[in-house]
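Residue numbers (the numbering used here): 7 to 153. Note that CB positions come from ideal geometry on N, CA and C, so glycine has one too.
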């Protein structure tokens, strides 16, 4: 049989107020705490950005190419920010600098990786869930130049 969509499986109570009919109010606001942000240079030309969250969370990721390439990660609905995260120089050959800024009004923590220009990158994100935290890792390697 074809899968049942959410609209087809809604109960009358769900249709009325848009919330599951559990009898309990639904808290639509949630937040995530960033416990740590680290950059590490690994053997064989690899680099990794490690972000530890207090729960399961995957940030939004964007890229900017060109003369000043950047990888941008946005963590929404957070109030986390430590001064030591604001400007981190690296010893890497892929990532020049890690910058972190918190937009208080929007409750967004923006993590910017300033990459070295003129290079191709292979980016592999991974999530390692734990019992009381979650580790988001972004592994970067230099990719073979495009032909």
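Query: Given residue 61 as reference, the closest of 37, 53 and 97 once Cα atoms are compared; Result: 37
Query: Supposed close pair residue 145, residue 52 - CB separation, criterion 8 Å; Result: 6 Å
Query: Residues of its chain near residue 78, where Cβ-Cβ distance is below 8 Å and the 5 sequence neighbours each way are ignored; Result: 67, 68, 69, 70, 116, 117, 118 and 119
Query: The segment 73–89 contacting the segment 132–139, beta-carbon criterion three pairs below 8 Å; Result: no
Query: Inter-residue Cα distance where the pair is residue 98 and residue 121; Result: 10 Å
Query: DSSP three-state assignment for residue 148, whether helix, strand or coil; Result: strand
Query: Pick from 142, 123 and 80 that is closest to residue 72, judged by C-alpha positions; Result: 123
Query: Residue 143 versus residue 39 - alpha carbon distance; Result: 16 Å
Query: Assigned secondary structure, residue 135 (DSSP; H/G/I helix, E/B strand, else coil); Result: strand
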